[in-house]
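Participant: I'd like to ask some things about the structure below.
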Amino acid sequence: MDRLKGKVALISGGARGQGAAEARRFADEGAKVVIGDVRDDLVKETADAINTKIGAKVVRAVHLDVTRVADWRIAVDTCLREFGGLDILVNNAGIANMKGLEETSEEEWDAVINVNQKGVWLGMKTAIPAMRRRGGGSIINISSIFGLIGSAGSTAYHGSKGAVRLLTKAAAVQYAPEKIRVNSIHPGLIMTPMVEEAIPGQEALQPVIDLTPMGRGAQPEEVAACVLFLASDDASFVTGAELAVDGGYSAA
Ligand code: NAD
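When the letters of the sequence shown are read in order and numbered with the working numbering, they come out as residues -4 to 247.
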């Protein structure tokens, strides 16, 4: 499969979970990929595993804290130096917080907003000049069903992921004339380390599964397939869109 042949992608939070699944799928589809994460050992392991499977150095790992502009510059420079350009950015890095409004401390609020919201803006701001030089590009921002609907907990997370939805639309409008498409994905329950850490055990997961019309959580590869579509030229007329990948959760 060559749906991303000739393209260069940068994926934040690529050490594990959905970001790692996207890196594996993108590499399978012919892309060159830079994955960045704060988990330095794991992001390198993930890159090494993909390169071994493909039999070529198609993935590079970099240290990337999405809240730091200097790290973003190094990540984008790595795309340019190692692979000659940048066509696709997946703003995937994120952190969870399940506390309600009064229970959230100012430090927790700042941490969630910095990673989930400011990190997405900084990533787009740093990547867009490189995409402009390629004559276009595709940005996929990973929001959440919690960026579409409310719940009684996760106040800071809702605030950050709701912001990602409209940041996406604003960027889509601003950069459409430059052929840079910007879309958001809104995953439901996806079985990744984030969920294993935040909602441990089948018993704790069951209420979320019960609210999902398809009656299950998804594997990260099921999100990666949708990110691939938006990244690829198959989505050539799709910008400013929001795609729920949630088994019907937000439709119910
Ligand atoms: P995960 O925790 O398994 O992976 C997230 C990755 O982001 C980790 O490797 C982590 O080290 C990295 N990260 C955290 N802070 C970072 C920072 N400051 N800079 C760079 N990297 C950082 O989680 P996941 O489920 O794969 O989540 C991926 C995205 O999907 C997140 O934005 C998350 O909010 C979103 N999401 C997840 C679910 C779910 O059910 N798993 C649902 C909706 C949305």
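Cβ coordinates follow ideal geometry from the N, Cα and C atoms, glycine included.
(1) With respect to the alpha helix (DSSP H) encompassing aspartate 35, which residues constitute its N-terminal and C-terminal limits?
(2) Check whether the Cβ of glycine 249 lies closer than 7 angstroms to any heavy atom of ligand 1, and answer yes or no.
(3) With a CB to CB cut of under 7 angstroms and the five nearest residues on each side skipped, what residues in its chain are close to glycine 242?
(4) Pick from Ser146, Ala10, Val159 and Arg76: whose alpha carbon is nearest that of glutamine 112?
(5) In terms of DSSP beta bridges, what is aspartate 32 paired with?
(6) For proline 172, does the count of other Cβ atoms within 10 angstroms reach 16, so buried, or fall short, so exposed?
(7) Would the C-beta of aspartate 32 count as close to ligand 1, meaning under 7 angstroms from any of its heavy atoms?
(8) Please classify leucine 161: is it buried, with 16 or more other beta-carbons within 10 angstroms of its beta-carbon, or exposed?
(9) From which residue to which residue does the beta strand (DSSP E) around leucine 5 run?
(10) Using a Cβ-Cβ cutoff of less than 8 angstroms, which residues in the same chain neighbour glutamate 217 once the five nearest sequence positions on both sides are dropped?
(11) Counting only the same chain and skipping the five closest in sequence on each side, list residues whose C-beta sits under 8 angstroms from that of valine 233.
(12) Among Val53, His153 and Asp35, which residue has its Cα nearest to the Cα of glutamate 77?
(13) DSSP beta-bridge partners for histidine 181?
(14) Let's see if you can read the secondary structure: which residues bound the beta strand (DSSP E) around serine 133?
(15) Going along the chain, which unbroken runs of the alpha helix (DSSP H) with 4 or more residues stay wholly within the region 98 to 167?
(16) How is valine 233 classed by DSSP in three states: helix, strand or coil?
(17) Check for me: the beta strand (DSSP E) holding valine 85 runs from which residue to which?
(18) Taking the alpha helix (DSSP H) that glutamate 198 falls in, what are its first and last residues?
(19) Per DSSP, what kind of secondary structure is alanine 70 in: helix, strand or coil?
(20) Please confirm whether any heavy atom of ligand 1 lies closer than 7 angstroms to the CB of proline 252.
(21) With 16 other CB atoms within 10 Å as the buried threshold, where does threonine 150 fall?
(22) Just verifying my parser: in three-state terms, what is the DSSP assignment at arginine 176?
Facilitator: Working from what's here:
(1) As a first step, residue 35 must be located in the sequence shown, where it is residue number 40. Run containing aspartate 35: 35 to 49, per the alpha helix (DSSP H) assignment.
(2) Nothing can be reported for residue 249, as the shown portion of the chain is limited to -4 through 247.
(3) For the purposes of this step, residue 242 is taken as residue 247 along the sequence shown, with counting starting at 1. So the qualifying residues of the chain are Gly183, Thr207, Pro208, Met209, Arg211 and Ala213.
(4) The residue you call residue 112 lines up with position 117 of the sequence shown. Comparing Cα positions, the closest option is Val159.
(5) As a first step, residue 32 is located in the sequence shown; it is residue number 37 there, counting from the start. Per DSSP, His58.
(6) Here residue 172 refers to the residue found at position 177 when the sequence shown is read from its first residue. Classification of proline 172: exposed, given that the 10 Å Cβ count is below 16.
(7) By 1-based counting over the sequence shown, the position of residue 32 is 37. Yes, Cβ of aspartate 32 sits closer than 7 angstroms to a heavy atom of ligand 1.
(8) Position 166 of the sequence shown, counted from the first residue, corresponds to residue 161. Answer is exposed; the Cβ neighbour count stays below 16.
(9) Within the sequence shown, the letter at position 10 stands for residue 5. Element bounds for leucine 5: 3 to 7.
(10) The count along the sequence shown starts at 1 and reaches residue 217 at position 222. Closer than 8 angstroms at Cβ, skipping near neighbours: Ile185 and Val240.
(11) The residue given as residue 233 occupies position 238 in the sequence shown. Closer than 8 angstroms at Cβ, skipping near neighbours: Arg176, Asn178 and Leu225.
(12) Position 82 of the sequence shown holds residue 77. Among Val53, His153 and Asp35, the Cα nearest to that of glutamate 77 belongs to Val53.
(13) Taking the first residue of the sequence shown as position 1, residue 181 is located at position 186. Histidine 181 pairs with Ala239.
(14) Residue numbering aside, residue 133 sits at position 138 when the sequence shown is read from its first letter. Residues 132 to 137.
(15) 101 to 108 and 114 to 129
(16) Within the sequence shown, numbered from 1, the residue matching residue 233 stands at position 238. Coil.
(17) Your numbering for residue 85 matches position 90 in the sequence shown. 83 to 86 is the extent of the beta strand (DSSP E) around valine 85.
(18) Here residue 198 refers to the residue found at position 203 when the sequence shown is read from its first residue. Note, glutamate 198: alpha helix (DSSP H), 197 to 205.
(19) The residue given as residue 70 occupies position 75 in the sequence shown. Looking at alanine 70 - three-state DSSP - the assignment turns out to be helix.
(20) Given a span of -4 to 247 for the chain in the structure shown, any question on residue 252 remains unanswerable.
(21) The count along the sequence shown starts at 1 and reaches residue 150 at position 155. It counts as buried.
(22) Residue numbering aside, residue 176 sits at position 181 when the sequence shown is read from its first letter. Of the three classes helix, strand and coil, the one that applies to arginine 176 here is strand, per DSSP.
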